[in-house]
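S.K.: Submitted below is the structure of interest, expressed as structure tokens.
So, in structure tokens, the structure goes:
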């Protein structure tokens with residue numbers, strides 16, 4: 001696939017739920033989204049940066065959503081669903097995939113910030129369409145099939161001081 005160069009148009013799609021849980025379970029820390037965005041763009045032309053977040057009625061989450069917007073992310077918010085048996089579910093897999101496929105005609109690179117292996121098929125599709133796919137996530141919590149399907153993988157754990165708060 002293509003190398004990185006300054007004229008590339010980039011879309012950053014951040015699966016905030018996946019990143020949050022990985023950072024918390026591995027390090028009990030939070031993600032530095034400003035550093036994530038900066039490294040994802042890497043001096044190329046940013047077309048869109050979208051953070052996919054879940055509203056769980058936590059008091060500090062609105063401040064988090066606003067902080068993401070101040071950094072430069074567009075936020076897409078989904079309410080958590082509670083089922084009759086008390087179980088809860090909320091994920092953005094379909095939304096992220098649809099946005100990536102839609103953006104594929106407008107960008108040269110899609111940077112997926114997630115370790116979720118469900119996106120490996122999306123990577124293959126985007127690459128088939130001529131889009132470079134870069135994945136940024138924590139190596140120990142990233143599915144091997146996602147790493148294999150991407151053009152490049154940046155392990156956030158190798159630069160904790162940059163990507164964790």
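Numbering (the UniProt record's numbering), first residue to last: 1 to 165. Think of the CB as a built atom: it goes at the ideal place given N, C-alpha and C, for glycine as much as any other residue.
So residue 163 and residue 35 are in contact, right, with Cβ under 8 Å, and what is the actual spacing, rounded?
M.R.: About 5 Å separates the two Cβ atoms, so the contact holds.
S.K.: For residue 121, tell me which candidate among 108, 93, 136 and 140 has the shortest Cα-Cα distance.
M.R.: That would be 93, whose Cα lies nearest to the Cα of residue 121.
S.K.: From this set, 147, 55, 38 and 24, which residue's C-alpha is nearest residue 49's C-alpha?
M.R.: The option with the nearest alpha carbon to residue 49 is 38.
S.K.: Excluding five sequence neighbours on each side, which residues of the same chain lie with their C-beta closer than 7 Å to the C-beta of residue 42?
M.R.: Excluding positions up to five away in sequence, the list reads 4.
S.K.: According to DSSP, is residue 148 part of a helix, a strand, or is it coil?
M.R.: It is helical.
S.K.: Here's the rule I'm using: 16 or more other beta-carbon atoms within 10 Å means buried, otherwise exposed. How should residue 159 be labelled?
M.R.: Exposed: under 16 other Cβ atoms inside 10 Å.
S.K.: Among 105, 33 and 18, which has the Cα closest to the Cα of residue 118?
M.R.: Out of 105, 33 and 18, 18 has the C-alpha closest to the C-alpha of residue 118.
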